[in-house]
Amino acid sequence: MRIAVFASSLLLSVAAVAEPLTYAFDKAHSQIHASVNHLGFSNSTARFLIKDGTLTLDVADPTTGKVDVTIDANSMDFGDATWKEHVSADKWFNVASFPDIRFVSTKVTSTGKDTMAIEGNLTLRGVTKPVTLNATLNKAGEHPFSKKPAVGFSATATFKRSEFGMDAYVPNVGDDVSLRIEIEASAG
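Each residue of the sequence shown is one higher than the one before, starting from -15 at the first, in the numbering used here.
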């Protein structure tokens, strides 16, 4: 009887581990960097901050995961106030009319051990287009400080800014936007 009780409790604990958890983004340790070529001389890079969102993930099967994240468009930091003011204006991000950037996943496909393609819809300046994030699950486990389940991801993507109505100065200022994303998130 004791063996049956032990086996049942073991199976229940394994099942609990395999269930999807909802994670909140650790805003201090999550960054989104966007780069665009500037006149062929450099790749100008800005950092954006996460405003809100969640990540739902079954670590045993990441392909069932879902991401819904809102980014504060006005949080962009190019390291220069004049450049930020210029890029925040109407022909670029138009943050007065479109303060949020949002990504909502539609499908996750495994591409290898701990790597996946996260397909989803990116809404920028009121325009929604499909974008695929190439992601790596860096770590999943108990956070050493909070003792809560935590995950970490790195991801990259590329999209054309002109598809979102930001075509000013193309091709002198590059049309391709490269994203580099670093995410930490904790459950409950």
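We put the beta carbon where it would ideally sit given N, CA and C, even for glycine.
Just so we're clear, the structure is a prediction, and the values are computed from it rather than from any experiment.
Less than 8 Å separates the beta-carbon of residue 119 from that of residue 139. Looking at the DSSP output, residue 3 shares a beta bridge with no other residue. In the DSSP assignment, residue 65 falls outside any beta strand (DSSP E) and lies within the alpha helix (DSSP H) extending over 65 to 72. In the structure shown, the three-state DSSP call for residue 146 is helix. Across the structure, residue 4 and residue 18 are spaced so that their CA atoms are roughly 30 Å apart. In this structure, the straight-line span from the alpha carbon of residue 130 to that of residue 41 is close to 19 Å.
Taking 8 Å as the cut-off, the beta carbon of residue 168 is found no closer than this to the beta carbon of residue 26. 8 Å or more divides the Cβ of residue 88 from the Cβ of residue 100. Between residue 90 and the set 8, 104, 111, the nearest pair of CA atoms involves 104. Here residue 170 is buried. Its C-beta has 16 or more other C-beta atoms within 10 Å. In this structure, residue 55 sits near residue 84, with a CB-CB distance shorter than 8 Å. Distance from the CA atom of residue 74 to the CA atom of residue 65, rounded to whole angstroms, is 16 Å. Selection 102, 52, 94 evaluated against residue 36 yields 52 as nearest (Cα-Cα).
Collapsing the DSSP output to three states places residue 114 in a strand.
Residue 163 counts as buried, since at least 16 other C-beta atoms from the protein chains shown sit within 10 angstroms of its C-beta.
In chain order, 30, 60, 62, 77 place their CB closer than 8 Å to the CB of residue 71, counting only its own chain and leaving out the 5 sequence neighbours on each side. Taking the Cβ atoms as the reference, residue 149 lies roughly 6 Å from residue 111, within the contact range of under 8 Å. Counting along the chain, residue 27 sits inside the beta strand (DSSP E) bounded by residues 26 to 41. Our two residues, residue 166 and residue 137, have alpha carbons roughly 6 Å apart in a direct line.
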